[in-house]
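S.K.:
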Amino acid sequence: MTRRDRLLAALVPMVWGLNFPATAFALAHWPPFLGGALRFALLALPTVLFVPRPRVAWRWIIAMGMTLGVMQFGFLYLAMALGMPAGLASLVLQASAPFTVVLGVVLLREKLTLTRAFGVSLSVAGLVAIAVERAQPAAFLALALTLAGGFGWALGNICSRQARADKPLHLTLWMSIVPVAPLFALSWVFDGPARIERAFATALQ
Numbered sequence: 139m140t141r142r143d144r145l146l147a148a149l150v151p152m153v154w155g156l157n158f159p160a161t162a163f164a165l166a167h168w169p170p171f172l173g174g175a176l177r178f179a180l181l182a183l184p185t186v187l188f189v190p191r192p193r194v195a196w197r198w199i200i201a202m203g204m205t206l207g208v209m210q211f212g213f214l215y216l217a218m219a220l221g222m223p224a225g226l227a228s229l230v231l232q233a234s235a236p237f238t239v240v241l242g243v244v245l246l247r248e249k250l251t252l253t254r255a256f257g258v259s260l261s262v263a264g265l266v267a268i269a270v271e272r273a274q275p276a277a278f279l280a281l282a283l284t285l286a287g288g289f290g291w292a293l294g295n296i297c298s299r300q301a302r303a304d305k306p307l308h309l310t311l312w313m314s315i316v317p318v319a320p321l322f323a324l325s326w327v328f329d330g331p332a333r334i335e336r337a338f339a340t341a342l343q
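139 is the number of the first residue of the sequence shown in my numbering; add one for each residue after it.
#1: For R302 and L260, I'd like the C-alpha separation in whole angstroms.
#2: Determine, using beta carbons only, whether P192 and W312 come nearer to each other than 9 Å.
#3: What are the start and end residues of each continuous alpha helix (DSSP H) run of 4 or more residues lying completely inside the region 232-303, in chain order?
#4: Just verifying my parser: in three-state terms, what is the DSSP assignment at W326?
#5: Is the distance from the Cβ of G203 to the Cβ of I315 below 9 Å?
#6: Measuring straight from C-alpha to C-alpha, what distance separates L229 and A217?
#7: Expressed to the nearest angstrom, what Euclidean distance is found between the alpha-carbon atoms of F188 and A182?
#8: From this set, R177, A162, V150, T205, which residue's C-alpha is nearest F322's C-alpha?
#9: Just confirm the distance between the C-beta atoms of F344 and G225, as a whole number of angstroms; I'd bet it's less than 8 Å.
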């Protein structure tokens with residue numbers, strides 16, 4: 139690996155880690171579902187204007203948008219709004235990895251090797267330890283919601299594999315147009331028009 143490759147590899151977890159404090163900062167103002175809708179809206183507009191649509195069936199774009207977008211970020215943002223710490227959220231969301239392995243075995247008939255089984259078991263043991271440590275009702279609810287977000291991510295991984303896009307980045311960008319309306323509708327139902335209007339009215343204060 140070149141020095142450039144190492145720097146790029148190190149940049150990925152750095153950006154991933156910074157994403158969660160930034161999310162916590164945003165959720166101090168925006169309701170969780172509305173915040174998620176705005177996140178995807180900011181990405182969806184330039185995508186539609188400048189990025190060619192990937193050559194995959196619309197059902198996979200919609201499926202990825204509902205799983206990676208609505209499920210993953212809807213549950214994650216709600217969990218963080220209920221008190222899930224940013225650092226712990228970044229860790230627990232990685233439950234998507236063992237979830238993906240299990241879903242691959244169940245849905246795609248992939249082989250569960252001994253190494254994979256050990257990895258899944260180790261991951262589950264770690265998550266159980268976290269759950270026991272956060273056994274208070276409010277904290278456990280936030281943990282459960284974050285795990286649900288990880289499950290949504292895992293479902294999205296399965297959809298992404300089945301889509302078999304020739305340009306995966308284009309697929310990832312185009313799936314961002316799907317969550318905007320569902321997340322906004324959830325905010326309208328659970329937060330109400332007055333809360334949404336107030337969030338926009340005070341956004342620059």
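Quick reminder that beta carbons are idealized off the backbone N, C-alpha and C, glycines included. Because the structure is a prediction, the values reported are computed rather than measured.
M.R.: According to the data block:
#1: Within the sequence shown, residue 302 is the residue found at index 164, counting from 1. Within the sequence shown, residue 260 is the residue found at index 122, counting from 1. R302 and L260: Cα-Cα distance of roughly 30 Å.
#2: As a working mapping, residue 192 is identified with position 54 in the sequence shown. As a working mapping, residue 312 is identified with position 174 in the sequence shown. Between P192 and W312, the CB-CB gap stays under 9 Å.
#3: As far as the region 232-303 is concerned, its whole alpha helix (DSSP H) runs of at least 4 residues are 234-246, 252-271, 275-301.
#4: Stepping through the sequence shown from its first residue, residue 326 is reached at position 188. In this structure, W326 counts as helix in the three-state DSSP scheme.
#5: Position 65 of the sequence shown, counted from the first residue, corresponds to residue 203. Position 177 of the sequence shown, counted from the first residue, corresponds to residue 315. Yes, Cβ-Cβ distance for G203 and I315 is below 9 Å.
#6: Mapped onto the sequence shown, residue 229 falls at position 91. Mapped onto the sequence shown, residue 217 falls at position 79. C-alpha separation (whole angstroms): 13 Å.
#7: Translated into the one-based positions of the sequence shown, residue 188 becomes position 50. Translated into the one-based positions of the sequence shown, residue 182 becomes position 44. If you take the alpha carbons of F188 and A182, they lie about 10 Å apart.
#8: Sequence index remark: in the sequence shown, residue 322 carries index 184 (1-based). Residue R177 is the option with its Cα nearest to F322.
#9: Outside the shown range of the chain (139 to 343) lies residue 344, about which nothing can therefore be said.
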